[in-house]
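Undergrad: Submitted below is the structure of interest, expressed as structure tokens.
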Amino acid sequence: MADTSTVDQPKVKDKKPLFGKRERRLITDPLNDNNPITVQVLGICSALAITTQVSPAVVMTLAVIFVMGFANLFTSLLRHTIPKQVRMIVMLIIIAFLVTVVELSLKAINYPIYQELSVFIGLIITNCIIMGRLEAFAMADKPWPSFLDGVGNAMGYGAILIIVAFFRELFGSGSLMGWELFGPGPQFMINTEAHALLSWYMPNNLMVLSASALFVIGVLIWIHRAWNRDLIDVS
Amino acid sequence: MHSTSYVVKFILVVSVVVALVLSSMATLLKPIHDRNEALANKRSILFAVNNYLETPIRQMSDDEVIEIFDNQIDQYVVDIQGNILSEEEVRAEGYAGGMAEHVDLGRERRKPESDRIFPVFVFNAPDEQLYVVSVRGNGLWDEIWANVALQSDFNTIAGVAFGHRAETPGLGAEITDNPRFSEQFVGTKLFDEAGNFRSVTVKKGRVTDEDHEVDGITGSTVTNNGVSEMFERGLQYYFSYFEKVETQ
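Note that the protein sequences, when read in sequence, are chains B and L.
Numbered by the working numbering, the letters in the first sequence go through residues 2 to 236 in order.
Numbered by the working numbering, the letters in the second sequence go through residues 100 to 347 in order.
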């Protein structure tokens, strides 16, 4: 079978190791060189919506890792039988199936978190990264690399999600994971109102609004490219 | 290219397999889901009287919640005229459990006002009685609701527990996630000194009238307004019941 993967592969004739060089690259590439958010600029919509606080972002990341890993795996297993005309619909069925599994399980295992995330679990279906990876990778590669590619991309997406949520929660609400760190008022660990040097400080309400996610992601893209110069387009 | 008949067969097989797996999963997990929902509902009712509990509701185990609910709560279902309905009458409305905790206000909201029924929970604290009533309204994306605990003067709010189906985390969802929002309602009053119904309004900006206003959540105007409207509209349904209790 012809290898049509998107990642360079050293030719290994004999039995391949479970975590060879290529497998490792499948996991690490999306974290840096091929990050779905900062390089491919996919999945921005959900990155705006669920990054006001860190804990929903973490649960969202775990859910996306599960959905994406297995969606890639199932699509790859079925890739020779899926009719080309309806492949998009079949992928959507697979994604929607997995999302519903996550939703039903979460509702049974941890009801408070299920209530907290409510709509956003369902919205994983519309995450464009998942569809993108199914189409670009899983339709043309073996199950195990596809699974790793899904997990890797979900982690690359989740990493950015958590970084953005960190800054938005810290500067928007003055808290992290619900722990109130600094801000005006006695409920914060550092009460800036009572502090002589910090009495000017107010949490930045802009950080709570969706637009700030784009500012944060923009700055992240800038930092990412300044640090990894291979990513700069020379055009 | 695959033939059309192959495509149709493939889609059929995929759909049937997915439908079978999901429906059996939903059926298997239904008892756990129902149990979780019932518990969350009990917790939400008790959360309204959180200030009167010995241990905060968030630290209570599921068994403790059930025990307090069974021993310290009397529940009634009332209609808009304030009459208490019997268990059979509640069952006839389509709630198999027949208790106030089974009444779904979301369903009642779709009926004409005169046909609706409403749950009342009386919490027996050591030295007083608190009346927990339920209100329901619209947030930004979907319904929001609240259990409102009133002191026995039917005027002073003793605590509020909010709930929502789909508000945005960090914005509208702060009505449940941020305890400081619901704490503001404690001590607010439904009526002014002349006895006119004023309700409690969620304000944008600074609160000027502490008896009837609370500070809203920044960036979620629609949810804030939904809370105000829900209080104003929903509490009035209970007025005839309150009058009947007071004249007894």
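We put the beta carbon where it would ideally sit given N, CA and C, even for glycine.
Because the structure is a prediction, the values reported are computed rather than measured.
1) From 186(B), 196(B), 170(B), pick the residue whose C-alpha is nearest to that of residue 245(B); which is it?
2) Go to residue 302(L), then tell me how far its beta strand (DSSP E) extends in each direction, as first and last residue.
3) Residue 236(L) lies in the beta strand (DSSP E); which residues open and close that run?
4) Mapping DSSP to helix, strand and coil, what is residue 81(B)?
5) Could you give the distance in angstroms between the alpha-carbon of residue 115(B) and the alpha-carbon of residue 187(L)?
6) Between 206(L), 167(L), 112(L), 160(L), which has its C-alpha nearest residue 79(B)'s C-alpha?
7) So what does DSSP say about residue 277(L), is it helix, strand or coil?
8) Have a look at the DSSP bridge pairing and note the partners of residue 218(L).
9) So, is the C-beta of residue 143(B) closer than 8 angstroms to a C-beta in chain L?
10) For the stretch 101-117 of chain B and the stretch 171-180 of chain B, state whether three or more C-beta atom pairs, one from each stretch, are separated by less than 8 angstroms.
11) Can you confirm whether residue 82(B), when its beta carbon is compared against all beta carbons of chain L, has any partner nearer than 8 angstroms?
12) By the DSSP assignment, the beta strand (DSSP E) with residue 161(L) in it spans what residues?
13) Since residue 118(B) contacts residue 68(B) with CB under 8 angstroms, what's their CB separation in whole angstroms?
14) What are the boundary residues of the alpha helix (DSSP H) that includes residue 131(L)?
15) List the residues of chain L whose Cβ lies closer than 7 angstroms to the Cβ of residue 237(B), in chain order.
16) Along the alpha helix (DSSP H) that carries residue 135(B), what are the first and last residues, could you check?
17) Check for me: the beta strand (DSSP E) holding residue 262(L) runs from which residue to which?
18) Applying the criterion that 16 or more other CB atoms from any shown protein chain within 10 Å of the CB defines a buried residue, is residue 263(L) buried or exposed?
19) Quick one: which residues of the stretch 123-148 of chain L get their C-beta closer than 8 angstroms to a C-beta of chain B? List them in chain order.
20) Do residue 298(L) and residue 341(L) have their C-beta atoms within less than 8 angstroms of each other?
21) Alpha carbon to alpha carbon, how far is residue 186(B) from residue 200(B)? Give it in angstroms, no decimals.
22) Considering only residues of the same chain and omitting the five flanking positions on each side of residue 194(L), which have a CB-CB separation below 7 angstroms?
TA: Reading off the structure:
1) Residue 245(B) lies beyond the residue range present for chain B, which begins at 2 and ends at 236; the question has no answer from this structure.
2) 300-302
3) Here the beta strand (DSSP E) through residue 236(L) covers 228-237.
4) coil
5) 34 angstroms
6) 112(L)
7) coil
8) 176(L)
9) Cβ-Cβ to chain L under 8 angstroms: no for residue 143(B).
10) no
11) yes
12) Run containing residue 161(L): none in the beta strand (DSSP E); it sits in the alpha helix (DSSP H), 161-171.
13) Contact doesn't hold; Cβ gap of about 13 angstroms is too wide.
14) 103-147
15) Limits of chain B in this structure are 2 at one end and 236 at the other, which puts residue 237(B) out of reach.
16) 129-137
17) 256-263
18) buried
19) The stretch 123-148 of chain L vs chain B, Cβ under 8 angstroms: 124, 125, 128, 131, 132, 135, 136, 138, 139.
20) Contact flag unset, no.
21) 11 angstroms
22) 201, 202
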